[in-house]
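This report refers to the structure that appears directly beneath it.
Numbering (my numbering), first residue to last: 1 to 238.
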């Protein structure tokens, strides 16, 4: 059975109403200051940055988002019995919401559906924290120790979980087919997984609206909209 690995980036979730960061309509191009709200140093040092971050989470689309055709196609591919692993740069949990088992999804950048205390590492749900913000706590502290809470995502300036990254590297090296979908392949070390897979003999297929640094290594590059291109590609791989 062919081992298929799929690396997904922000482009996979734009059809669910979650904007990407670096594309033509990306969040950073529209509001360069927004990057500070998800950068660890400023977040930890500045209570006003944290208050703005909580307001951004409150108004954000992630918790309201639903899986789109791309997420559903990946889940259907997994249910058809193929050996599949999903490595995602996204923090929205939409692969699992679509039906991909949690054990088969590696969330390299964490999850926006949970919060974590930066002091005692206690975890709780994002919805619970946002309820506190709605009730008037502009920067809710950890209920266990009073520490600073943040979303359970890897902010800019933080390192990826080395154990999780090692698992992703193992998946990339073992894959016979490696799809890079909706990712600019510019953020390291996640982007390097595509090159690693190709170097270990995988057939690399890039599905992205704009060119990526790894296109020259790809056996196939697809520029069509992900919502139609990915379901067709996965049907072909069956």
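A virtual CB, placed ideally from N, CA and C, is assigned to each residue, including glycine.
All values derive from a computational prediction rather than experimental measurement.
With a threshold of 16 other beta carbon atoms within 10 Å, residue 163 falls short and is exposed. For residue 80, there is no enclosing alpha helix (DSSP H), as DSSP marks it with neither H nor E.
Residue 183 is a Cβ neighbour of residue 9, given a cutoff of 7 Å. The continuous alpha helix (DSSP H) containing residue 227 extends over residues 226–237. DSSP places residue 35 in the helix class (H, G or I) of the three-state scheme. Assignment of beta-bridge partners to residue 107 by DSSP yields 88.
With distances taken between CA atoms, residue 141 lies nearest to 116 out of 3, 116, 160 and 203. Short of 7 Å from the beta carbon of residue 102, and not among the five residues preceding or following it, lie these beta carbons of its own chain, in chain order: 96. The Cβ atoms of residue 152 and residue 124 lie no closer than 7 Å to each other.
Looking at the DSSP output, residue 120 shares a beta bridge with no other residue.
Taking a 10 Å sphere around the C-beta of residue 71, we find 16 or more other C-beta atoms and assign the residue as buried. Residue state for residue 153 is assigned as strand, using DSSP reduced to three classes. Residue nearest to residue 189 within the set 53, 108, 38 and 66 is 108 (criterion: CA-CA distance). By the Cβ rule, the segment 123–139 counts as touching the segment 48–64, because three or more pairs are nearer than 8 Å.
DSSP, read as helix, strand or coil, puts residue 183 in coil. One thing to note: residue 1 has its Cβ no nearer than 7 Å to the Cβ of residue 176.
In this structure, residue 6 places its C-beta atom within 7 Å of the C-beta atom of residue 179.
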